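Report on the following structure.
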Amino acid sequence: MLRLSDLLKGEEGIITGFVDDGQPLSRLRDMGLLEGTPLRVVKFAPFGDPIEIKARGYYLSLRKSAARQIYIKRKSAG
119 MLRLSDLLKG
129 EEGIITGFVD
139 DGQPLSRLRD
149 MGLLEGTPLR
159 VVKFAPFGDP
169 IEIKARGYYL
179 SLRKSAARQI
189 YIKRKSAG
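When you read off a place in the sequence shown, starting at 1, and then add 118, the result is the number in the numbering used here.
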């Protein structure tokens, strides 16, 4: 399965789920990152961490470890 951390700069996707690895997901949900939420990768900081995304009209920065917890369906062009 594809994860948010696998997307490249400029790519878009839709959240399909979350990794259930015992880590609390409430912080991600509090930021509005829910199943069905479309998002776009805006940029990566030096060394690739954190990742800046745009979701629900907001710019958010996520650590790569948090981005690995989010399953994504890549949005097809057109």
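From the three backbone atoms N, C-alpha and C, an ideal C-beta is built for every residue, glycine too.
Every value quoted in this text rests on a predicted model; they were computed, and no experiment measured them.
Hey, out of the options, whose CA is closest to residue i's CA?
i	options	result
residue 187	174, 128 and 151	151
residue 127	166, 194, 136 and 181	166
residue 147	158, 133, 160 and 139	133
residue 176	139, 194, 159 and 182	159
residue 184	169, 194 and 173	169
Leaving out the 5 sequence neighbours to the left and right, which residues in its chain are closer than 8 Å to residue i when beta-carbon positions are compared?
i	result
residue 120	131, 189, 190, 191 and 192
residue 172	157, 158, 160 and 178
residue 164	none
Are the C-beta atoms of residue i and some chain C residue less than 8 Å apart?
i	result
residue 189	Any reference to chain C falls outside this structure, which holds one protein chain only.
Grouping DSSP H, G and I as helix and E and B as strand, with all else coil, what is residue i?
i	result
residue 163	coil
residue 147	helix
residue 200	Lying before the first or after the last residue shown, residue 200 is absent from the chain, which here runs from 119 to 196.
residue 122	helix
residue 183	helix
Name, in chain order, the residues that DSSP records as bridge partners for residue i.
i	result
residue 135	189
residue 129	Beta-bridge pairing links residue 129 to no other residue.
residue 178	171
residue 157	131 and 173
For residue i, which residues in the same chain have their Cβ closer than 7 Å to its Cβ, ignoring the five residues on either side in sequence?
i	result
residue 153	133, 134 and 135
Which same chain residues end up closer than 6 Å to residue i when comparing Cβ atoms and leaving out the 5 residues on each side of it in sequence?
i	result
residue 156	132
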